[in-house]
Every structure is written in structure tokens, then in C-alpha cells.
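Protein chains: 2
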Amino acid sequence: MTQIAPNISKYDFAVEPFSEDCLGCLSWPLLGNLILRAATLHATEHGFGYKQVINFNHAWVLSRLTIDMDEMPRTAEAYSITTWVDRLYRQFTDRHFAILRPDGTAYGYATTVWALIDITSRRPTMLDQLPDGGFNAALVPDLPCPVSAPARHRMKNPVKVSEHRANYTDLDINGHVNSIRFVELLLARYSKADMEAHPVKRIEMTYAYEGYCGELLSVYEEHVDSLTTLYEVKKEDGTTAVKGVIIRR
Amino acid sequence: MTQIAPNISKYDFAVEPFSEDCLGCLSWPLLGNLILRAATLHATEHGFGYKQVINFNHAWVLSRLTIDMDEMPRTAEAYSITTWVDRLYRQFTDRHFAILRPDGTAYGYATTVWALIDITSRRPTMLDQLPDGGFNAALVPDLPCPVSAPARHRMKNPVKVSEHRANYTDLDINGHVNSIRFVELLLARYSKADMEAHPVKRIEMTYAYEGYCGELLSVYEEHVDSLTTLYEVKKEDGTTAVKGVIIRR
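In order, the protein sequences belong to chains U and X.
Residue numbers for the first sequence follow the numbering used here, beginning at 3 and rising by one.
Residue numbers for the second sequence follow the numbering used here, beginning at 3 and rising by one.
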């Protein structure tokens, strides 16, 4: 970790052997995972990581994740993930990420929205009303993220395209289906040929309800055009667990 | 990387946020991935990594992988993977791994068998007959691995338990279903409760034929006893892609 400016941390990585997809690029699930890792490391450095908030019976819940990449790092290339938090509003906080080349130019950017919930009541905390200014000292208030806001798509004719029974390999340390496993569930809809023709540029995820071990998750799909596809993952009772959009270039 | 003795390299890791399973331990797929990463890094340091042998139209193919862990590192714990090659015999070479705590005691060990194939003819090279001694100078001939040999199990009444259509998320940089994804396919047979009662101690994989995008892979299972299960993954034409054994403790 390098602190590159007040409240902005940079984590260095390289595309290691066995971390690429079939295009020879850093795999999307690994990038997603490292983004969440950087979030946790930065939050911990500033006193509000998982291990710190659990002392107050609270936990961070990922509500939205958008990753938008102009290009992906390739085998052996170095890259860094820079992260900062720019605002607190009601029960939410926005955390941003820049995925940078060693020369400082961007491969792409990501943005996330998190809520801090009481793990007993499952109710969110009003982050802008915490005592003593709360997390305000950790903000970088004048640095929004250059990721464009998600387009407002609505599924009109969703088609159920796959099912997945959540199992041990899907679970995170809290026993929930991990956020990035949902991304994989959507990426599993693509073949090597699909990706060679049009690699993924952008993934937008909205997390509504957690998935648990043993649950049957159904993936619904709707193509907006040849490069934009909408997804919804539903539980057996019809509840939406996750919505997603995958945009290729 | 630290060279801890001639031809023995050590790679340091820690259990980072979002790399644990639901037991709070380093996840098995990630451990498998890091073992293969260490293999590639060490081979590259000694002049026979993927990028070097491809210049001679050759590629390394993983034939067997056995990982045997007394304990798994947990959240934030540091561990290292030490690797060395102890012998060449006919078309095979044995590469071993120790997964160590910072104090040098072992979490566990792993061993692998590799072949070097001509990528045009797909035929293996006789590794003990290479000119100029071949890779002999990179061996650590007196250091076998303390992983016990796999028991000889044969499936008598295999039951087909799942199917998986290989897709983009399963593929490695060569466009094959990646070796660790097959491990995940077997681990997907377990629930959180299964693993809480009896965590995995040992995984044995034998790789026979590569899997490709679009192929339907069928998983067959047979329980030897309550803690030992045999697996076979077959392609649509009935060919065995992979055999596996999972032993819990």
C-alpha cells in the first residue's frame, strides 16, 4: 500500500500466471475480487474495516458495483488499484477505484455503494448522522469517480437461461454467496468466441438480497442490443437477489 | 520470491480479505491457483517456464495434483509456498510444494506431476533424454515431498450427480478448462454444513483430457466412506477428462 494523497491508497498488483482469462487478460472475477480487497484494506487503514465495525455489531454490505474498463491488463503487466471514499449520504457511502498503469494512465475505473447495517436488526445506519462527524475525516470530498452512472434499463421480456444451486464454493466468510460469484454467474453466459469478438467493457451489479448455501438461483436474461445484456438472479421464492448489466465493446 | 536453498524458491502470501471460504480459511481453489502460480514462477526463474518452452513449440501439461493440508491458514495469517523439482523420469517430472507458516512449520504439502508436450503433435518429450542434461541442473534430487501416494481407489458404482457446460469463466489462457476449475466442480458437491462438520484435508486430481468451451462436463461420484469420495468428470462422448478424490477430516 502507498498513500498517494490524504485518504487515497494505492495497492500494486501484476497479472500473475493463472490469473488470466482465455483472452490473455486479467480475469474479470479476479479484478472484482481485488477491488473488494482494496476496499477492505483501505477501510481498515482508516478505522472502519469489517473487523473494526463488527465490534459495534455492524457490517458493511455492498449495494452496487460498477466496473468500467477501456482495456484490461495482460499477462505480467503491472497495475494498481487506487481507492477513496468521496461522500456519505443517508445510509450510503460511495467508494471509488481507479485501475491504473504504472505510468498513471487508466485501464478503467470502478465505483461502489455500501451500506453499514446493524447485524442483529439488519437495519442500515444513517451514515451522515454519526456522532463526532463519523467517517467524515476519511473522505476525499472533491474527487468523484469518472464512471458514468448506470443507464436505466428495465427488463420487459426476461428469459430464464440457467439455474445454479449455491454450494460451498460460492460462499464468502459470512456464509453468503459472494458478490463476485454473482458476477461469474452472469459471465458464464458467454463463450470464448463471444468474448473474442466483443470483450466485456462494463459490468453493473445491484445487490438486493443475500444468497445462502443450498438456495437455487435462477438467472434471467434479456438482450438490449448485441452488446448490452440485462440480467436478474432470482431466488426460489421469486425474490430478486441481484440485477446486473454486462456491456461488451 | 526468496531462494531459500539452491533450486528451492519461496513465495510469500497472506490470507487477504475476500480470499477465504465460509470457514474463514484460505479457499481451496485459491490455494490450488497459487500452487500453480508458484510452479510457473519457479520454472521461469530456471529457464523452463511456459514462455520459455513455447519458443521450442512445447507446453507444460499438468498430469496430477495432490494437496494435503493438516490445517488451512486463516484470515490475515501469513503463509508461504516453497517449491522445487526432485526428478525427471521418462516423460514426467515431479514438482513439490510445502505450504509453511512464518515459523517454518507446515500447514501442509502438495505434489504435482507434469509432462512437456510438443504443441503440434501433442506428444510428450522424454525429459530424461534431453540434450546437455536438460533440466537436471534445476533439480533438488534428495528432497522428495512428504505427501503420501494416492490410495488406489476404483469406482464401482459411480452415480452422475451434476452437469456443467464449460464457458468463458472456466477457461485458462490456453482456452482449456482450467485445472483448478475442475477442483471447484468437485467441491461444489459440498454444503457449508458438510464442510463445517468435516473440512477438506486432501484433494487428489488426475488430469486425463483437456476440457473445451461449450463442452458438457458430467460429474460422477462414489462415496468410499463418510469422509472419502471419488469423482470422475466425463465429456459428452464418455471420455474421462479428470478423476478426483476428496478426503475430509
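Each residue gets a CB set at the ideal place from its N, CA and C atoms; glycine is no exception.
Taking a C-beta cut-off of 8 Å against chain X, the contacting residues of the stretch 181-199 of chain U are I182, E186, L189, A190, R191, Y192, S193, K194, A195, D196, M197, listed in chain order.
Using a CB distance cut-off of 8 Å, I69 (chain X) does not count as an interface residue toward chain U. Within its own chain, the residues whose Cβ lies closer than 6 Å to the Cβ of L67 (chain U), once the five positions on either side in sequence are excluded, are T114, M207, listed in chain order. The residue from U:T85, U:V202, U:G177 with its alpha-carbon nearest to that of E186 (chain U) is U:V202. For L141 (chain X), there is no enclosing beta strand (DSSP E), as DSSP gives it neither H nor E. Neighbours of R39 (chain X) across chain U, judged by C-beta separation under 9 Å: E18, P19, F20, S21. Scanning the stretch 7-81 of chain U from its first residue to its last, the whole alpha helix (DSSP H) runs of 4-plus residues come out as 30-47, 52-55. Contact residues of the stretch 207-222 of chain U toward chain X are C215, G216 (C-beta to C-beta distance below 7 Å).
Annotation for K236 (chain U): the continuous beta strand (DSSP E) segment containing it runs 230-236. At a cut-off of 8 Å between C-beta atoms, N35 (chain U) counts as an interface residue with respect to chain X. By the 16-neighbour rule on beta-carbons within 10 angstroms, P148 (chain U) is exposed. Assigned with DSSP and collapsed to three states, P152 (chain U) falls in coil, not helix or strand. Among the CB atoms of chain X, none fall inside 8 Å of the CB of D227 (chain U). Residues of chain U whose Cβ lies closer than 8 Å to the Cβ of T42 (chain X) are, in chain order, P19, F20.
In the DSSP assignment, F99 (chain X) falls within the beta strand (DSSP E) that extends over 94-102. No Cβ-Cβ contact shorter than 8 Å links G26 (chain U) with D70 (chain U).
Pairing D172 (chain U) with R154 (chain U) gives a Cβ-Cβ distance that is not under 8 Å.
Contact check for F94 (chain U) against A117 (chain U) passes: the beta carbons are separated by less than 8 Å. Boundaries of the alpha helix (DSSP H) harbouring R183 (chain X): 181-189, taken from the DSSP string. Rounded to the nearest whole angstrom, the CA to CA distance from P8 (chain U) to H44 (chain U) is 12 Å. Contact note: D174 (chain X) reaches chain U through F20, E22, D23, C24, using a C-beta cutoff of 9 Å and chain order. A straight-line Cα-Cα distance of about 14 Å links L219 (chain X) and Y209 (chain X). F20 (chain U) places its beta carbon less than 8 Å from that of T42 (chain X).
Here the alpha carbon of T230 (chain X) sits roughly 46 Å from the alpha carbon of S11 (chain U).
By the neighbour-count definition (other C-beta atoms within 10 Å, threshold 16), I175 (chain U) is a buried residue. Secondary structure note for K194 (chain U): its alpha helix (DSSP H) is the uninterrupted segment 194-199. Residue state for L90 (chain U) is assigned as strand, using DSSP reduced to three classes. Secondary structure at L173 (chain U): strand, using DSSP grouped into helix, strand and coil.
Boundaries of the beta strand (DSSP E) around M207 (chain U): 202-209. When Cβ pairs closer than 8 Å are counted between the two stretches, the stretch 158-170 of chain X is seen to touch the stretch 211-228 of chain X, the count reaching three or more. For L132 (chain X) and E79 (chain X), the gap between their C-alpha atoms comes out near 42 Å.
Taking a Cβ-Cβ threshold of 8 Å, the residues of chain U close to N169 (chain X) are L189, A190, R191, Y192, S193, in chain order. Residues of the same chain with a CB within less than 7 Å of the CB of R250 (chain U), apart from the 5 flanking positions on each side, are H200, P201, V202, K203, L229 in chain order.
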